[in-house]
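4 protein chains.
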Amino acid sequence: MTEKPENSQYRGIIPPMITPLKNEDELDLQGLHKLIDHVIDGGVHGLFILGTTGESTSLSYALRHGLIKETCKHVNGRVPVLVGVTDTATAESIRLAETARDAGASALVAAPPYYFSLGQPELIEYYNYLADRLPLPLFLYNMPSHTKINIEPDTVKELSKHDNIIGLKDSSGNTAYFNKVLFHMKETPEFSLFVGPEEIMAETVLLGGAGGVNGGANMFPKLYVDLYNAAINGDIEQVKKLHALVMEISAGIYSLGRFGSSYLKGLKGALNLLGICNDYMASPLHKFEKEEKDQLESNLREIQKKIH
Amino acid sequence: MTEKPENSQYRGIIPPMITPLKNEDELDLQGLHKLIDHVIDGGVHGLFILGTTGESTSLSYALRHGLIKETCKHVNGRVPVLVGVTDTATAESIRLAETARDAGASALVAAPPYYFSLGQPELIEYYNYLADRLPLPLFLYNMPSHTKINIEPDTVKELSKHDNIIGLKDSSGNTAYFNKVLFHMKETPEFSLFVGPEEIMAETVLLGGAGGVNGGANMFPKLYVDLYNAAINGDIEQVKKLHALVMEISAGIYSLGRFGSSYLKGLKGALNLLGICNDYMASPLHKFEKEEKDQLESNLREIQKKIH
Amino acid sequence: MTEKPENSQYRGIIPPMITPLKNEDELDLQGLHKLIDHVIDGGVHGLFILGTTGESTSLSYALRHGLIKETCKHVNGRVPVLVGVTDTATAESIRLAETARDAGASALVAAPPYYFSLGQPELIEYYNYLADRLPLPLFLYNMPSHTKINIEPDTVKELSKHDNIIGLKDSSGNTAYFNKVLFHMKETPEFSLFVGPEEIMAETVLLGGAGGVNGGANMFPKLYVDLYNAAINGDIEQVKKLHALVMEISAGIYSLGRFGSSYLKGLKGALNLLGICNDYMASPLHKFEKEEKDQLESNLREIQKKIH
Amino acid sequence: MTEKPENSQYRGIIPPMITPLKNEDELDLQGLHKLIDHVIDGGVHGLFILGTTGESTSLSYALRHGLIKETCKHVNGRVPVLVGVTDTATAESIRLAETARDAGASALVAAPPYYFSLGQPELIEYYNYLADRLPLPLFLYNMPSHTKINIEPDTVKELSKHDNIIGLKDSSGNTAYFNKVLFHMKETPEFSLFVGPEEIMAETVLLGGAGGVNGGANMFPKLYVDLYNAAINGDIEQVKKLHALVMEISAGIYSLGRFGSSYLKGLKGALNLLGICNDYMASPLHKFEKEEKDQLESNLREIQKKIH
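Sequence lines, in order, name chains E, V, A and R. Using the numbering used here, the first residue of the first sequence is number 31, and each one after it goes up by one. Using the numbering used here, the first residue of the second sequence is number 31, and each one after it goes up by one. Using the numbering used here, the first residue of the third sequence is number 31, and each one after it goes up by one. Using the numbering used here, the first residue of the fourth sequence is number 31, and each one after it goes up by one.
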């Protein structure tokens, strides 16, 4: 087990990396390298692979283990790498964690197990059991829309006592909840509280959040880093200006097509249009058809004009 | 139908008033007057009666109509009065609205009908049908946890075209949603966007929201007005300081007891402890038992020390 | 309070009556009389007005009270009349109940209050409070899709101890739940357990259920009575034959159009096509457009051929 | 791909086998053999491994592949073996399926992917994609409480056209839904429709269902086989008598403790008390504490007296 740092090193913009794929079973390695260099050049403070945005649960384990190794190797210590080990089977979470440790990753991220419905006491038991067995520090990952359970503020507080649990990524979108957790944890500022949805990153950082695990930073890393810095500096005018661009991305890139998967399809499609990587999506998701892709391209070009 | 104002008069802190009751069938009139004077003295920008915090759906219609008249009479034009007309039967919503108009209220607020599950097109049809028949301008009221439907950003945009629909109160707590609506409506700033949960009021005002319909303003109106003003002025240090007090209220007053009703029980109990009004709650809710009330009192006294 | 009967008089087919309307504010009285005579002639064992199928929550209170009086007067003791008093305000439930008692109705039906989310202990408190104040015996009404709460088997058992609570109508469609309640209540067979969805009436009666509160009995009362009798008699071949017709009605009449309201729109439209009453629906619902109505007519004619 | 049989061989009682474990990583092989012999001696028509009852999603892949081989080897053709391949990653589903084919299993079972929320068209695409690649015929598995999606009757009908999709196991508990699917599929009786919850097995078989995938058949296989046969023969008196025993099991074994996992904990605990196998549960679930285990034992002994 690692020692918990006095002041967390985890702050800022940590993109939840999409996973560039050639097909169901094969990484787009060239795309992966290009994407990694692109976001690091943009100034991000770390990378998070194998999250929801990375289609983690759709990938074979061979591919997940391979992605961990390839990413850590190519990053080569330039920024910390966080690795998603979310799984319904703790044995598989631990195997992924060991690969991550061997490859040089810095920390792990795990959402609650997402098949059985658990109560909060069962959730506490689960996370303590898991954290006891992980070779790297762990971020909790709140994702109620996908896991069917909210990690309640009292549960976060209880789990924060574990030496190996160092923070929370909240993707609920519910800042009333997030602010309650922030308040609950006010005595332990080294416990890092990140939000997922980029639409709320600026305001949570203004009020004490640690940063954003924002999908859009795959495309425009510098924009999100600049927005984070503006928020840290309390520069409200700059925050408003850059936040408006993020909202433009949210409306123009993530809201095409039907179904809950429009965010992922739009993001991966845009990265392809930006020349960074392939836009193949692993089953059960599928990339956009031509009509939506054309609309996406048109929106993306408009947004690019405003950003550069 | 009224003419839609170029610049909305609706901004700031508009407390969702609790309904002081002597028993199931009778208003605590003295308490009501005291409460009204208390919040107006605190500088609030309007009052909202017959919302969720006002236990509207638990009150008989005779009592609801009576409350509208008494409130408007006692307010006597000092601030605008907004009246909740949320109902599953449009005929009853219209009757409440007519009483509100006759009594001198300024605007109406309606959540979606909450028994049948509607689709978004049915929701649009419903609101247009209702707004056509209302004698005062209407705020939409998004309350998905209670009504089982979210008023989607596109639906808000579509409904905002109606001359008699002038704003939205969002009580979802989801600021990712709220920011999407703000962005969608950026061309029509006279359409007022309020949030319900006080835990997120400051940050939404910082980024363009119109204000808060915050329960805590029943107790400490000046605190919420000061926080609103700090946010409007972009005074981040003051925002952080006052927001921390609001979070203390949220943790100490609203989170006792089990079940979703802890917010309401805590708020009404605290108003009783502050000497403002009775704490009787209409069925199906019930006030706290002694143990929780003692805890509430202890927390309240701590908070009072920090506020004054 | 009434005395609880040793052997319940409530068994068989009790149609949840649609409410014939001329417009938002006016009963279609001629249609109402025709519909009442039609179902009584078909042999039903009782009538249930002001349920979900009766659009109760969409009707003004004046209209609800009027409907109770008109129905009881026209039924004139031929069969028992059950009256829905489901409301978020207990004061209004009690007023409806008093009108029902004065008009000669036999029993009341109430779903949980459907705005606030309650826990099971709060639900027990609510029903005991209500049943204490009702002048007629009460059926619980389980309708989780609309009320956001399931009346758990233990809660049913607890509430069945109240002298004024005599049965349950379960509209969940979940017969695993229904069978658990049946088993829980096996020592008190006088507590009547009805199901709502006609698709499961036959099988629940085969295994001990009291009968069905089935919408289709508005159209074809004799079919449902015959199916009930076949099930009571354990005549499996006849059950299968008649159940297949009910499933044909379910598929052909209730499944047109989009949204959860297709059942109600189909049923009311079919009654209009059968020449029984007007098909006006109260806001927020609306009757079918021409295309769906044509399809409905075609399906209805096919079904009629098979029934007669 | 296999040829679809004219008359399905899949009928009757197919226990969803619990997975006997020594610890997180190791099968209780002796227990597994004993359990297999126990249920086959009881007359069951097949076995289903790696379902929800088998804690499939909590097991490492190594263990899952091992279980498939061990089970098929020990069954040795005495009854058909169905293998659960439910997974969020199709690549892993296919790998499990290949092991199943090599080991001599008869068919596969897959619930929808349970992390991303899909729409019905996406679900159709998913199942067609999967079935195209599977070396054995597939049963759909409806489990909305765990997967967040209901396989709608129209979707079942559409998917039934695929040569490699041969039936449905419905664990929703909602027989209104199940009867709609039965009616939808009435022209293709070779498409087998099973239910999961044993509380509804008898009634669905009475009305045309193919049988039950009932957890209780791990403990008392003969009881469930007898009940199935009584239902097939339309022997209502025998059905009622045996169904009452099943309800006693449901109430006495599956309803102890808190949380949704009480069914699994009770079932596995009872198998241990019956001397069949270990009761270790894989994380995130845990076996009962002493108090609940004592209550379980007392209930089990009562039930045993009534069965033998």
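All residues carry an ideal CB built from backbone N, CA and C; glycine is no exception.
For residue i, the three-state DSSP class (helix, strand or coil)
| i | result |
| --- | --- |
| Ile44(R) | coil |
| Asn37(A) | The pLDDT assigned to Asn37(A) is 48, lower than 50, so where the model puts this residue is not dependable; a value taken from the coordinates is nonetheless given after this. Coil, per DSSP. |
| Lys320(V) | helix |
| Met31(E) | Low confidence applies to Met31(E): its pLDDT is 36, below 50, so where it sits in the model is not reliable, and the reading given next is rough at best. Note: Met31(E) maps to coil in three-state DSSP. |
| His68(E) | helix |
| Glu342(A) | Here chain A has residues from 31 to 338 only, and residue 342(A) is not among them. |
| Gly76(V) | coil |
| Ser222(E) | strand |
| Phe146(A) | coil |
| Ile337(V) | helix |
Same chain, Cβ closer than 7 Å to residue i, neighbours up to 5 away in sequence not counted
| i | result |
| --- | --- |
| Lys323(A) | Gly299 |
| Ala260(V) | Gln268, Val269, Leu272 |
| Ser90(E) | Asp55 |
Same chain only: Cβ atoms within 8 Å of residue i, ignoring 5 sequence neighbours per side
| i | result |
| --- | --- |
| His176(V) | Thr82, Ala141, Tyr144 |
| Pro35(R) | Here the model assigns Pro35(R) a pLDDT of 45, short of 50, so the residue's position is not dependable, and the following value carries that caveat. Cβ neighbours of Pro35(R) beyond the five flanking positions: Ile196, Glu220. |
| Ser291(E) | Leu315 |
| Met215(E) | Val186, Lys187, Ser190, Phe221, Leu223 |
| Asp184(A) | Gln150, His214 |
Closest by C-alpha distance to residue i, when choosing among the options
| i | options | result |
| --- | --- | --- |
| Thr101(R) | Thr116(R), Ser88(R), Gly61(R) | Gly61(R) |
| Ala92(E) | Glu54(E), Ile266(E), Phe169(E) | Glu54(E) |
| Ser313(E) | Ser86(E), Thr185(E), Leu237(E) | Ser86(E) |
| Glu188(V) | Ile179(V), Asn204(V), Tyr157(V) | Tyr157(V) |
| Leu236(A) | Tyr258(A), Ala206(A), Leu160(A) | Tyr258(A) |
| Lys317(E) | Lys335(E), Arg131(E), Gly149(E), Leu286(E) | Leu286(E) |
| Pro46(R) | Leu275(R), Ile262(R), Glu228(R), Gln334(R) | Glu228(R) |
Proximity of residue i and residue j at Cβ, strictly below 8 Å
| i | j | result |
| --- | --- | --- |
| Val115(R) | Ala127(R) | yes |
| Thr234(A) | Val225(A) | yes |
| Phe250(E) | Ile337(E) | yes |
| Ile266(E) | Gly264(V) | yes |
| Leu65(V) | Ile124(V) | no |
| Gly246(V) | Ile279(V) | yes |
| Val111(A) | Gly76(A) | yes |
| Pro174(R) | Ser202(R) | yes |
Buried or exposed (CB count within 10 angstroms, at least 16 for buried), residue i
| i | result |
| --- | --- |
| Ser328(E) | exposed |
| Glu122(V) | buried |
| Lys210(E) | buried |
| Lys191(E) | exposed |
| Arg305(R) | For the sequence presented, residue 305(R) should be read as Gly rather than Arg. Gly305(R) should be labelled exposed. |
| Lys295(E) | buried |
| Pro151(V) | exposed |
| Asp162(A) | exposed |
| Ile44(E) | buried |
| Glu321(E) | exposed |
| Asp309(A) | buried |
| Asp117(R) | buried |
| Asp256(A) | buried |
| Asn244(A) | buried |
Beta-carbon contacts of residue i that lie in its chain and below 6 Å, excluding the five residues immediately before and after
| i | result |
| --- | --- |
| Pro167(A) | Thr32, Ala137, Asn194, Ile196 |
| Asp200(E) | Asn172, Phe208, Val225 |
| Thr129(R) | His95, Ile98 |
| Gly72(E) | Pro251, Lys252 |
| Ser222(A) | Ser38, Tyr40, Gly197, Ala240 |
| Leu330(R) | Ala300, Leu303 |
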